[in-house]
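Novice: One structure, as structure tokens, below. Some questions next.
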Amino acid sequence: MTSKEEFSSEQIEHLWTYRNHVDQEFFTRLNFFLVFESILIGATINLVTKTSAPTLVIRIIEIAGLVITAVFWYAQVRSKYVLDKLAELCDIHIPEYRQFRARNRWPISSMKLLAWGIPPVIAIIWICTLFI
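Those letters in the sequence shown? Residues 0 to 131, by numbering that gives the first Met the number 0.
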């Protein structure tokens, strides 16, 4: 089925449900990532400053944090891509959605900032901890 074909009411409902699911998944993953990374960064800084933990253990945690950040970044960017494609389909098949988006467009998408902005900041923190 191409995006130019007419969707039935049931297909539109499925499209909208799936779009909402992906949207919720994006934000749930973001929340988990921020809490997880905050705890891991805090624990790492605590190990560096207040204990005599072996340097190798600290470096392994820092590298793992950086790798987890890269994986999360990929997952968020992919989710953003899927959401963009779903938005295109919703624009075609749900006139109210298209009208709302046309009236309420911002210069920079908050989803883009969350997908492309947060992970690099966390990655920079991990890179900095590697050189402390």
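Positions of the beta carbon are idealized from the N, C-alpha and C atoms, including for glycine.
Compare the Cα-Cα distances from F32 to each of I11, L55, E61, T68 and report the closest residue.
Specialist: Per the Cα distances, T68.
Novice: Within its chain, find whatever has a CB closer than 7 Å to the CB of P57; leave out the 5 residues flanking it on each side and keep chain order.
Specialist: Correcting the residue identity first, residue 57 is Ile in this sequence and not Pro. Correct list, in chain order: T43, L46, V47.
Novice: With 16 other CB atoms within 10 Å as the buried threshold, where does L114 fall?
Specialist: Checking the displayed sequence, the identity of residue 114 turns out to be Ala instead of Leu. Result: buried.
Novice: Contact between the stretch 19-31 and the stretch 92-100: three or more CB pairs below 8 Å?
Specialist: No, because fewer than three Cβ pairs between the stretch 19-31 and the stretch 92-100 fall closer than 8 Å, the two stretches do not touch.
Novice: Once you ignore the five residues that flank L85 on each side, which residues in its own chain have a CB closer than 6 Å to its CB?
Specialist: Answer for L85: R18, listed in chain order.
Novice: How about E24 and W125: are their beta carbons less than 9 Å apart?
Specialist: Cβ atoms of E24 and W125: not closer than 9 Å.
Novice: Are the CB atoms of D90 and R102 nearer to each other than 9 Å?
Specialist: Going by C-beta atoms, D90 is not nearer than 9 Å to R102.
Novice: Grab me the residues of I131's own chain with a C-beta within less than 7 Å of its C-beta, minus the 5 sequence neighbours each way, in chain order.
Specialist: V47, listed in sequence order.
Novice: Do you know how far the Cα of E36 is from the Cα of E4?
Specialist: When rounded, the distance between both Cα atoms is 44 Å.
Novice: Could you pull out every residue in the same chain whose Cβ sits closer than 6 Å to the Cβ of L39, ignoring the five residues on either side in sequence?
Specialist: G64, listed in sequence order.
Novice: At the level of alpha carbons, what is the spacing between Q22 and S51?
Specialist: It is Asp, not Gln, that sits at residue 22 in the sequence shown. For D22 and S51, the distance between alpha carbons rounds to 43 Å.
Novice: Kindly give me the distance between the Cβ atoms of P118 and Q75, rounded to whole angstroms, as I take these residues to be in contact under 8 Å.
Specialist: Indeed they touch by this definition, with Cβ atoms about 7 Å apart.
Novice: Candidates T128, E87, C127, Y80: which alpha carbon is nearest K111's?
Specialist: That would be Y80, whose Cα lies nearest to the Cα of K111.
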